[in-house]
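Single-structure report; data block below.
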Amino acid sequence: MEARLKAIVEGIEEIENVEIISPLQYKGGMIQGTIKVSENTAVLDFQIEIFPSYPFKLHNIEAIRFINEDLLNYDHTNTDGSICIIPQHNPDVKLKLKQDLTALKGWITKYYLKAEEDAHYEHILLPSIPDGYSVFQFTDVNYNFSKGEHGYFTFSKISDGKAGLRDIETFIVQEFHPKKQSIKCNWSIHYQRLPKLTGIFLYIEHPPTPIEARRIAAKSWDEIEYLVSQEFLQFLYSINKSLNTQKATPNIALLIGYSINNTTIHWEAINIKGDNFPNYGEKISGKFIGRLNNQLINWLQTRNCTYDYFFGRGAFHPNITHKKILLLGAGAIGSQIAVTLARGGCKTITILDFDIKEAENICRSEYLFNQGVTSKVTELSTTVVNISPFIEVDAREELIHMIKMGDFERFSEPMKKYFEEFDIIFDCTSDNDLAYIFDKLDLNNRIFNFSISNNAQELVCVTNPNLYSWLGEIYTNLGKADDIDLYNPTGCWSPTFKASYNDIAFLVQYALKHINTCFKLSLPVRSFYVSYSEDGLTTKINQF
Amino acid sequence: MATDKDKHLDCVLNSHKIKKEQSLLDKHITKKNEVKEALEEEYGADLYAPFNSGSYAKHTAVNKKFDFDLIAPFKRDAFATLEKMYTEVYDFLYEKYKGDATIRKQKVSIGLEFSADADGDVIKIDVVPGRELNKDQYKDDSNLNLYVYSQFGKIEKGSERLKTNVKAQIENVKGNAEKDSIRQMIKLLKVWKIYNIKDPKSFFLELITIKAFEEETIEGTLWERLKKIMEYIRDNVETVSLPDPGNRNNDVADTLTDSDKTVLKDDMKYMIERIEENSDNITSYYRINPKFPCDDENKNSNGYGSKEDSLSVPPPTRYS
């Protein structure tokens, strides 16, 4: 016997309550066989598959699989009947086998014998996807669907992608039209304005599984007939009939919605072939009854893109995300803040800057070369909405100019009113005039004035009141009143400070993290500066 | 160049002397007397002599932001209830000054904010109506019951009244052996509070300063003493008890929540750290009243004062 196979066989045989019942052998490059595992009262057979990379993972997947299709109705199983286990890493084959089988026994105890349910919802298992597929991303609606509710829905294509050799079309669900209503999904206006296609939806409350199955999606239409009302079948019939009058019969996307955890709606998607609808009429006692036939369901992919799920892995504190934000200045600091706020879940941002983005801005800002020369606010607002489908962005070029050119005494009231519509202002202009004007306006919202010293030695964040004098004092006290070591490119109209993207982004992220922490801990955000130790290896926040 | 902290603090105190605003002060005194006479005329024998309280009476006022508190001590049987006292005094002041001032119901006082005069000055007088606790005893014990106004319903029993002794509160500062030093410290903390828009009530800062003098040896130069006070607040604000000298059952420390106290502790911590790190930072925390900069003699020593008499100007060497 080949040494590796021998080591694996020996390794399994050494494990208590595990028995090889069909010999392990090489098949198609992997080792396959059957084992019997006894755990407490359970005795289960598993087909075992071991990939050549074992004990290392194959990408991020375990290179050993324990398969039993009879266990599909239990939690933490895959569509092919393999069991989801999360063993520890071990480079030694025998030790790794021991760990993996211990993890399998753990699964048997927890999910097979005790039938424990995890706090998080586990999705139903869909059949494996075909080559070339579509993904429908859905989000929240401010509406409670009732069982059996159905109608049209609209959706928009947002991209054509590729994964390996597969083409992937991604759509977002836009509106539901139960009866004569119009229920909009909570995407930002930018996404709501995309061109729309139409499909049909049905809300069934229960996951679309066969009546006896809990976790596996129905394979054929007749398996979900018990979930479908005659009204919906009548609706399906009317669509089929109207399509039959067309020369080319397009496919129809069907969304099926159901409740998970009693609070959230999940949607599955099906592609109905236009020339092969799954419904038919059966005459019973002289009356036609709608039925579903046994053709296979062509499941599509869906993705939950509700706000909470989208930002579930991490976001800023709601006192930032749910506030109206004004960002003044879209340079290196401003553009990095805008992108970070978008990724952090912020919902409303207005960006003001009069400047044009040039190629030389790109190396330390959130701008792209392929966007060419364009206004900073135009490109940055596009970047921000490309990141988050939940952020409303207003971008303006002229306002700072108007503030500076206007008669301050005359316009101070409307200016104050305008600025106080925002909860938080990030002033990233390094414009001392603006800091002075904000002090004069005595705004009652929160202002964070961000700037850095040359070579990004310090980042200074000043909060109101007294922005102007704090800035003067902090910079002077840091010894930054004079600075001549600037970057002077040939032909450039103005010298600029020296610092890389990494230099600036580190300080900006550190400062934003500090502000967010203060919000989380309900602490006031004081004026502060971030500085380095003399050797440049340690960073410190100095609060005032 | 390093700032001489003592000279700076001396300048801060000088620039905030109440006498620097003599004309505004005179206007307050005149208006206060006018309100006092109006009350005496209206209530006659029902009213003991109204008197001035608050920071001016305690000699802890600073000229950046000040108002006058006028205590109106009523006799026990002048009104059937404290609420009636408060409401009737409000109605009287409202009728009397409605054309000249904005009249507001405040927690224990009635706020009169007179419209700006020809110089643009705004006079603010808070009238605090109080009623003696027992008939004819006010002259002996100075105890008063105040009515606690609330826009909304009061839930706790007894929450509509507050026993106090304003004279004892005034004497608490005035009668202290170290009163001059205490007053300097209180004034400096008030300057810090006003310019940096901080929440703690002046009364709280007063009492915790006095407590620090009681419990620690506070000696030395202005900065040494101020630093000691700030350290005392930093180290004790979360646990200290501050009985109101006007009513020992009332703990003024309770006017701050736990998180308010933590914020004040951090205020002191960071302020000490930043000033110790760079003496120039003292000018940001303890500001000179730009209306009354210090004289040239003061400025010339140590190069100090080079930026205090005008706004600090941010340099063009900050970038974004």
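Quick mapping for you: the protein sequence lines, in order, are chains A and B.
So the mapping is simple: the numbering used here equals the position in the first sequence, first residue as 1, plus 19.
So the mapping is simple: the numbering used here equals the position in the second sequence, first residue as 1, plus 4.
Where a beta carbon is used, it is the ideal one built from N, C-alpha and C, also for glycine.
Bear in mind the structure is a predicted one, so any value in this text is a computation, not a measurement.
Closest Cβ-Cβ distance between residue 122 of chain A and chain B: below 8 Å? With 8 Å as the cut-off, residue 122 of chain A does not count as an interface residue toward chain B.
If we call anything under 8 Å between Cβ atoms a contact, is residue 277 of chain A one with residue 158 of chain A? no
What's the gap between the Cα of residue 223 of chain A and the Cα of residue 287 of chain A? 11 Å
What does DSSP give as the partner residues of residue 247 of chain B in its beta bridges? Answer is B/255.
Excluding the 5 residues flanking residue 187 of chain B on each side, which residues of the same chain have their C-beta closer than 8 Å to its C-beta? 62, 63, 64, 177
What are the partner residues of residue 221 of chain A, as DSSP defines its beta bridges? A/169, A/275
Under 9 Å between beta-carbons, which chain B residues line up against residue 499 of chain A? List them in chain order, please. 319, 321, 322
Could you work out which residues of chain A lie near residue 3 of chain B, taking near to mean beta carbons separated by less than 7 Å? No answer is possible for residue 3 of chain B: it lies beyond the span of chain B, which begins at 5 and ends at 324.
Mark residue 105 of chain B as exposed unless 16 or more other C-beta atoms lie within 10 angstroms of its C-beta, in which case mark it buried. buried
Looking at residue 20 of chain B and residue 293 of chain B, is the spacing between their C-beta atoms short of 8 Å? yes
Residue environment, residue 447 of chain A, which counts as buried when at least 16 other CB atoms sit within 10 Å: buried
With a cut-off of 8 Å, does the C-beta of residue 310 of chain B fall near any C-beta of chain A? In this prediction, residue 310 of chain B scores a pLDDT of 43, lower than 50, which makes its location untrustworthy; no coordinate-derived value is stated.
Is it buried or exposed for residue 154 of chain B, if we count other Cβ within 10 angstroms and need 16 for buried? Exposed: under 16 other Cβ atoms inside 10 Å.
Quick one: residues in its chain with C-beta nearer than 7 Å to the C-beta of residue 31 of chain A, no 5 flanking neighbours on either side, listed in chain order? 37, 39, 54, 116
Measure from the alpha carbon of residue 561 of chain A to the alpha carbon of each residue in B/285, B/278, B/287, B/289, then state which is nearest. B/278
Beta-carbon proximity list for residue 301 of chain B, same chain, < 7 Å, skipping 5 on both sides: With a pLDDT of 45 at residue 301 of chain B, under the threshold of 50, the modelled position of this residue cannot be trusted, and the question is left open.
Given that a residue counts as buried once 16 or more other Cβ atoms are within 10 Å of its Cβ, and exposed if not, what is residue 52 of chain B? buried
For a cutoff of 8 Å on Cβ pairs, would you count residue 282 of chain B as touching chain A? Under the Cβ distance rule, residue 282 of chain B counts among the residues neighbouring chain A, one pair being separated by less than 8 Å.
Pop quiz: residue 487 of chain A and residue 458 of chain A are said to be a contact at Cβ under 8 Å. What is the actual Cβ separation, rounded to whole angstroms? 5 Å
If you reduce the DSSP assignment to three classes, tell me which class residue 489 of chain A lands in. helix
Report the residue ranges of all alpha helix (DSSP H) runs contained in full by the segment 57 to 143 of chain A; include only those spanning at least 4 residues, in chain order. 112 to 126
Three-way DSSP call (helix, strand, coil) for residue 117 of chain B in this model: strand
Can you tell me which of A/442, A/475, A/454, A/479 puts its alpha carbon nearest to the alpha carbon of residue 464 of chain A? Nearest C-alpha to residue 464 of chain A: A/442.
Close Cβ partners of residue 541 of chain A (< 8 Å) along its chain, the five nearest in sequence each way excluded: none
Could you check whether residue 367 of chain A and residue 344 of chain A sit closer than 8 Å to each other, using their CB atoms as the reference points? yes
Could you check which residue in A/50, A/48, A/65 has the C-alpha nearest to that of residue 56 of chain A? A/65
Shortest alpha-carbon distance to residue 60 of chain A belongs to which of A/274, A/124, A/23, A/89? A/124
With 8 Å as the threshold, decide whether the Cβ of residue 288 of chain B is near any Cβ in chain A. Taking Cβ atoms only, chain A reaches closer than 8 Å to residue 288 of chain B, which makes this a yes.
Between the C-alpha atoms of residue 496 of chain A and residue 113 of chain B, what's the straight-line distance to the nearest angstrom? C-alpha separation (whole angstroms): 44 Å.
For residue 233 of chain A, return the contacting residues in chain B, with the cut-off set at a CB-CB distance below 9 Å. Correct list: empty, because the minimum Cβ distance to chain B is about 48 Å.
Show which residues of chain B have a CB atom less than 9 Å away from the CB atom of residue 541 of chain A. Within 9 Å of the CB of residue 541 of chain A, the CB atoms of chain B belong to 263, in sequence order along the chain.
Please name the residues in the segment 192 to 207 of chain B whose beta-carbon is closer than 8 Å to at least one beta-carbon of chain A, in chain order. 199, 200, 201
Check residue 253 of chain A in the structure and name its three-state DSSP category. helix
Backbone secondary structure at residue 430 of chain A - three-state DSSP: Under the three-state reduction of DSSP, residue 430 of chain A is assigned to helix.
Could you tell me if residue 424 of chain A is buried or exposed, where buried requires 16 or more neighbouring beta carbons within 10 angstroms of its beta carbon? exposed
With distances taken from CA atoms, which of A/342, A/364, A/374 is nearest residue 349 of chain A? A/374
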